[in-house]
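Below is one structure; the comments refer to it alone.
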Ligand code: EPU
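In the numbering used here, the protein residues as written are 1210 to 1502.
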């Protein structure tokens, strides 16, 4: 797959963000552009600077809670989706590439390295920002470098070792750098072995609920698991408005119908309070919050 799309930049106004998040929650974005190339990103950045409005990159919408009040700036929906073979085992991948499509593509080509990311519903860029993955296979493990755009319009490459990756964390959560693409290293492996690894990752996720959520709400603390603490604080099934803590896995909040971001936020506060009260453990959100809360 080597795709270089040359499609027009889609520019919308007052777009409902609930349509673009898996949670199905969130007010409108003042401006909403669907970007498919570096040129589009640059145009968006220029526009936001000219209008003096904030700029936000939305990936798959799988790890985000958008405020009911929406976002009074420019949201760029990242569909910069392409894969290009470089020399040897190296590939360059657009940051808007869907993770599942990339894993399917790699499997087809007998390329291994991404199996631990199976089942994550997002884009390469989003996965890099939050260093998605599981113990033993985080996306940072296959990255060589990341190409970014700064708020000043500069484009440069950051080596993996300079991206400050750790559990669910990277420099991109604070730096404001926009990820354009990434260079990854994949290795040849028998297809059956790749498929076995994918199966094994997916089976580990069998205890996760389906439905409208943002994945795990909290990071695991230094000791123990957020899901365990929440469960043992008796929070499974707790509901505020249309937001409910899953009975299957306590680190998931589900939009069971008509949930408002304020419902989710109240549940988040309740979770933190109860876990601190019972175990003396502080939980920190894993999800990204967008807009005013
Ligand atoms: N647990 C409970 N009750 C619950 C949920 C979990 O007691 O309601 C216990 C489990 O029995 C287990 C421990 O807590 O002993 C950990 O649970 P699990 O195996 O489900 O793993 P996790 O730490 O909750 C992490 C990632 C997931 C990833 C899975 C699978 C975090 C915050 N979560 O879940 O990532 O899919 O491992 O590898 O790191 C995400 O980041 O959005 C996400 C879903």
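The beta-carbon is built from N, C-alpha and C at its ideal position, and this holds for glycine as well.
Per-residue burial, residue 1365 [other beta carbons within 10 Å of its own, 16 or more giving buried]: Residue numbering aside, residue 1365 sits at position 156 when the chain shown is read from its first letter. Exposed.
Just to confirm before moving on: does the CB-CB distance between residue 1422 and residue 1461 stay below 8 angstroms? Position 213 of the chain shown, counted from the start, is the residue given in the question as residue 1422. Position 252 of the chain shown, counted from the start, is the residue given in the question as residue 1461. In this structure, residue 1461 lies closer than 8 angstroms to residue 1422 by Cβ.
According to DSSP, simplified to helix, strand and coil, what is residue 1417? Walking along the chain shown from the start, residue 1417 turns up at place 208. Coil, per DSSP.
Terminal residues of the continuous beta strand (DSSP E) containing residue 1224? Reading the chain shown from its first residue, position 15 is the one you call residue 1224. From DSSP, the beta strand (DSSP E) with residue 1224 extends over 1219–1225.
Distance, residue 1299 Cα to residue 1499 Cα: Sequence index remark: in the chain shown, residue 1499 carries index 290 (1-based). Sequence index remark: in the chain shown, residue 1299 carries index 90 (1-based). Distance between the alpha carbons of residue 1499 and residue 1299 is about 34 angstroms.
What does the alpha-carbon distance come out to for the pair residue 1439 and residue 1282? Within the chain shown, residue 1439 is the residue found at index 230, counting from 1. Within the chain shown, residue 1282 is the residue found at index 73, counting from 1. If you take the alpha carbons of residue 1439 and residue 1282, they lie about 35 angstroms apart.
Between residue 1239 and residue 1302, what straight-line distance do the alpha-carbon atoms span, to the nearest angstrom? Taking the first residue of the chain shown as position 1, residue 1239 is located at position 30. Taking the first residue of the chain shown as position 1, residue 1302 is located at position 93. Residue 1239 and residue 1302: Cα-Cα distance of roughly 29 angstroms.
Quick one, which of 1383, 1392, 1469, 1319 has its alpha-carbon nearest residue 1265's? On the chain shown, position 56 is the one that residue 1265 refers to. Ranking the options by Cα distance to residue 1265, first place goes to 1383.
Taking only the alpha-carbon atoms, compute the straight-line gap between residue 1210 and residue 1353 and give it to the nearest angstrom. Along the chain shown, read from residue 1 onward, the residue named residue 1210 stands at position 1. Along the chain shown, read from residue 1 onward, the residue named residue 1353 stands at position 144. Summary for residue 1210: the model assigns pLDDT 44, below 50, so the residue's position carries little reliability; its value from the coordinates is reported in the next sentence. Going by the C-alpha atoms only, they are around 20 angstroms apart.
What would DSSP say about residue 1234, mapped onto helix, strand or coil? In the chain shown, the residue the question calls residue 1234 occupies position 25. Note: residue 1234 maps to coil in three-state DSSP.
Can you find the residues in the same chain that come closer than 7 angstroms, C-beta to C-beta, to residue 1367, ignoring five residues on each side of it along the sequence? Taking the first residue of the chain shown as 1, we reach residue 1367 at position 158. Same-chain partners within the cutoff: 1354, 1355, 1357.
Rounding to the nearest angstrom, what Cα-Cα distance links residue 1394 and residue 1335 in this structure? Against the chain shown, residue 1394 aligns to sequence position 185. Against the chain shown, residue 1335 aligns to sequence position 126. Straight-line Cα distance between these residues: approximately 18 angstroms.
I want to check one thing, is the minimum distance from the CB of residue 1440 to the heavy atoms of the ligand EPU below 7 angstroms? Taking the chain shown and counting its residues from 1, the one referred to as residue 1440 is at position 231. Yes, the ligand EPU has a heavy atom inside 7 angstroms of this Cβ.
Cα-Cα, which of 1486, 1485, 1483, 1467 is closest to residue 1233? In the chain shown, counting from the first residue as 1, residue 1233 sits at position 24. The residue with the shortest Cα to Cα distance from residue 1233 is 1467.
Closer than 7 angstroms: residue 1407 CB and nearest the ligand EPU heavy atom: By one-based count along the chain shown, residue 1407 stands at place 198. No; taking the cut-off as 7 angstroms, the Cβ of residue 1407 has no heavy atom of the ligand EPU nearer than that.
Near the ligand EPU: residue 1417 beta-carbon under 7 angstroms from a heavy atom: In the chain shown, residue 1417 corresponds to position 208, counting from 1. Checking the Cβ of residue 1417 against the ligand EPU gives yes.
If I measure Cβ to Cβ from residue 1321 and keep anything under 8 angstroms in the same chain, skipping five residues before and after, which residues do I get? As a first step, residue 1321 must be located in the chain shown, where it is residue number 112. Annotation for residue 1321: 1315, 1395, 1396, 1397, 1398, 1402, 1403, 1406 place their beta carbon closer than 8 angstroms to its own, counting only its chain and skipping 5 residues before and after.
For residue 1358, which three-state DSSP category applies? In the chain shown, counting from the first residue as 1, residue 1358 sits at position 149. Strand, per DSSP.
Excluding five sequence neighbours on each side, which residues of the same chain lie with their C-beta closer than 8 angstroms to the C-beta of residue 1445? Residue mapping note: residue 1445 aligns to position 236 of the chain shown, counting from 1. Closer than 8 angstroms at the Cβ level, and outside the excluded window around residue 1445, lie 1439, 1454, 1455, 1456, 1459.
Endpoints, beta strand (DSSP E) assigned at residue 1436: Working through the chain shown from its first residue, we reach residue 1436 at position 227. That residue, residue 1436, is in no beta strand (DSSP E); its alpha helix (DSSP H) goes 1435–1441.
Distance CB(residue 1387)-CB(residue 1420) smaller than 8 angstroms: If you number the chain shown from 1, residue 1387 lands on position 178. If you number the chain shown from 1, residue 1420 lands on position 211. No, the Cβ-Cβ distance between residue 1387 and residue 1420 is not below 8 angstroms.
Can you determine whether any heavy atom of the ligand EPU sits closer than 7 angstroms to the C-beta of residue 1336, and answer yes or no? By one-based count along the chain shown, residue 1336 stands at place 127. No.
On the three-state DSSP scale, how would you describe residue 1456? Numbered from its first residue, the chain shown carries residue 1456 at position 247. Correct three-state label for residue 1456: coil.
Taking buried to mean at least 16 other C-beta atoms within 10 Å of its own C-beta, is residue 1226 buried or exposed? Translated into positions along the chain shown, residue 1226 becomes position 17. Residue 1226 is buried by the Cβ-count criterion.
Could you give the distance in angstroms between the alpha-carbon of residue 1381 and the alpha-carbon of residue 1360? Residue mapping note: residue 1381 aligns to position 172 of the chain shown, counting from 1. Residue mapping note: residue 1360 aligns to position 151 of the chain shown, counting from 1. For residue 1381 and residue 1360, the distance between alpha carbons rounds to 13 angstroms.
Under the assumption that residue 1278 contacts residue 1236 (Cβ atoms under 8 angstroms), give the Cβ distance between them as a whole number of angstroms. One-based indexing of the chain shown puts residue 1278 at position 69. One-based indexing of the chain shown puts residue 1236 at position 27. Confirmed, about 5 angstroms.
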